[in-house]
Amino acid sequence: MYALRREMTKIIKLFSNNCSADEVVRISANILKDEKIIAVPTDTVYGITALAQCDTAVKAIYKIKGRDCRKPLAICVGCVEDVTKWGKLTFPKHLLDDLLPGPVTLVMERQSCLNPNLNPGIPLVGIRIPKCKFIQDLASHCDGPLALTSANISSAKSTLAVQEFKDMWPHLDLIVDGGILGLQDPKRLGSTVVDLSQQGFFRVIRSGCSFERTLEVLKRYGLKELG
Numbered sequence: 009m010y011a012l013r014r015e016m017t018k019i020i021k022l023f024s025n026n027c028s029a030d031e032v033v034r035i036s037a038n039i040l041k042d043e044k045i046i047a048v049p050t051d052t053v054y055g056i057t058a059l060a061q062c063d064t065a066v067k068a069i070y071k072i073k074g075r076d077c078r079k080p081l082a083i084c085v086g087c088v089e090d091v092t093k094w095g096k097l098t099f100p101k102h103l104l105d106d107l108l109p110g111p112v113t114l115v116m117e118r119q120s121c122l123n124p125n126l127n128p129g130i131p132l133v134g135i136r137i138p139k140c141k142f143i144q145d146l147a148s149h150c151d152g153p154l155a156l157t158s159a160n161i162s163s164a165k166s167t168l169a170v171q172e173f174k175d176m177w178p179h180l181d182l183i184v185d186g187g188i189l190g191l192q193d194p195k196r197l198g199s200t201v202v203d204l205s206q207q208g209f210f211r212v213i214r215s216g217c218s219f220e221r222t223l224e225v226l227k228r229y230g231l232k233e234l235g
């Protein structure tokens, strides 16, 4: 496990009279810019995030999760317009507008400007825009993509409340508490992950919590499913 960083990790409530949402974004962004790691709510489960363009922070995510370094990390951006900065489209741009923001990870060929030490040797990257204003604003405030993965030790179940990943608290620099994200287990499935790197085709990597809607959109655009 990752070496203990502190005796107590700071927790800040996203919905609180003591601190506005904009202030939480500012505080969180400043911590990320210091190459640190924070926990955040998303539109599915809690995640941990860091600057994707920062090698030190990316390595720290793997250590904190006990994650196999061969397993790639997705990135999160703040708006649809940012997707093409980091991934190459093989499909109509309007498809992005129909799926994002939302609980979907779109896998596409990575752009050369993406950190070469993020998922080295892997030509593809998964890109997310959660339907969560806080994390959209956070990504935009950081002026670059965020590396994003679920807030749980690898192989453990995904988390819907900050108390569910309490064992990770000492290893994080900030926890943004957005409350309980859902009461139903389907939320724990995480985002639907779809590979769109081949023009005219798609391949479902993970069904996730938005499978049927995602499938409907992809087929509406004439994409064919690969086995």
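Each residue of the sequence shown is one higher than the one before, counting from 9 in the numbering used here. Each residue gets a CB set at the ideal place from its N, CA and C atoms; glycine is no exception.
CA-to-CA distance, residue j to residue i, given in whole angstroms
{"i": "residue 200", "j": "residue 77", "result": "22 angstroms"}
{"i": "residue 113", "j": "residue 35", "result": "26 angstroms"}
{"i": "residue 209", "j": "residue 26", "result": "48 angstroms"}
{"i": "residue 14", "j": "residue 203", "result": "Its pLDDT being 46, under 50, residue 14 is placed unreliably by the model, and the measurement read from it follows with that caveat. About 39 angstroms."}
{"i": "residue 100", "j": "residue 218", "result": "20 angstroms"}
{"i": "residue 48", "j": "residue 98", "result": "31 angstroms"}
{"i": "residue 11", "j": "residue 71", "result": "In this predicted model, residue 11 has a pLDDT of only 40, less than 50, meaning its place in the structure is not dependable enough to derive any value."}
{"i": "residue 120", "j": "residue 180", "result": "30 angstroms"}
{"i": "residue 37", "j": "residue 149", "result": "7 angstroms"}
{"i": "residue 190", "j": "residue 30", "result": "23 angstroms"}
{"i": "residue 175", "j": "residue 163", "result": "14 angstroms"}
{"i": "residue 233", "j": "residue 226", "result": "9 angstroms"}
{"i": "residue 170", "j": "residue 50", "result": "12 angstroms"}
{"i": "residue 21", "j": "residue 235", "result": "44 angstroms"}
{"i": "residue 116", "j": "residue 177", "result": "32 angstroms"}
{"i": "residue 188", "j": "residue 168", "result": "6 angstroms"}
{"i": "residue 215", "j": "residue 64", "result": "31 angstroms"}
{"i": "residue 131", "j": "residue 43", "result": "25 angstroms"}
{"i": "residue 207", "j": "residue 152", "result": "26 angstroms"}
{"i": "residue 213", "j": "residue 61", "result": "25 angstroms"}
{"i": "residue 156", "j": "residue 24", "result": "24 angstroms"}
{"i": "residue 41", "j": "residue 220", "result": "37 angstroms"}
Cβ pair residue i, residue j closer than 9 angstroms
{"i": "residue 143", "j": "residue 88", "result": "no"}
{"i": "residue 8", "j": "residue 53", "result": "Any question about residue 8 goes unanswered here, given that the chain covers just 9 to 235."}
{"i": "residue 198", "j": "residue 80", "result": "no"}
{"i": "residue 186", "j": "residue 140", "result": "yes"}
{"i": "residue 122", "j": "residue 59", "result": "no"}
{"i": "residue 83", "j": "residue 68", "result": "no"}
{"i": "residue 165", "j": "residue 211", "result": "no"}
{"i": "residue 39", "j": "residue 159", "result": "no"}
{"i": "residue 32", "j": "residue 184", "result": "yes"}
{"i": "residue 127", "j": "residue 118", "result": "yes"}
{"i": "residue 147", "j": "residue 66", "result": "no"}
{"i": "residue 229", "j": "residue 103", "result": "yes"}
{"i": "residue 18", "j": "residue 223", "result": "no"}
Range of the contiguous alpha helix (DSSP H) that encloses residue i
{"i": "residue 210", "result": "No alpha helix (DSSP H) holds residue 210; the beta strand (DSSP E) holding it covers 209-214."}
{"i": "residue 65", "result": "63-73"}
{"i": "residue 143", "result": "141-149"}
{"i": "residue 222", "result": "219-228"}
For residue i: DSSP bridge partner residues
{"i": "residue 203", "result": "115 and 211"}
{"i": "residue 45", "result": "According to DSSP, residue 45 bridges with nothing at all."}
{"i": "residue 137", "result": "According to DSSP, which records beta bridges pairwise, residue 137 is partnered with nothing at all."}
{"i": "residue 232", "result": "209"}
{"i": "residue 40", "result": "DSSP lists no partner for residue 40."}
{"i": "residue 56", "result": "47 and 157"}
{"i": "residue 168", "result": "DSSP, once it has assigned bridges, lists no residue as partnering residue 168."}
{"i": "residue 27", "result": "24"}
{"i": "residue 132", "result": "117"}
First through last residue of the beta strand (DSSP E) which encompasses residue i
{"i": "residue 21", "result": "19-21"}
{"i": "residue 183", "result": "182-185"}
Problem set entry | Runs of beta strand (DSSP E) lying entirely within the segment 68-117, each at least 3 residues, in chain order | DSSP runs (the beta strand (DSSP E)) wholly in the segment 68-117: 82-84.
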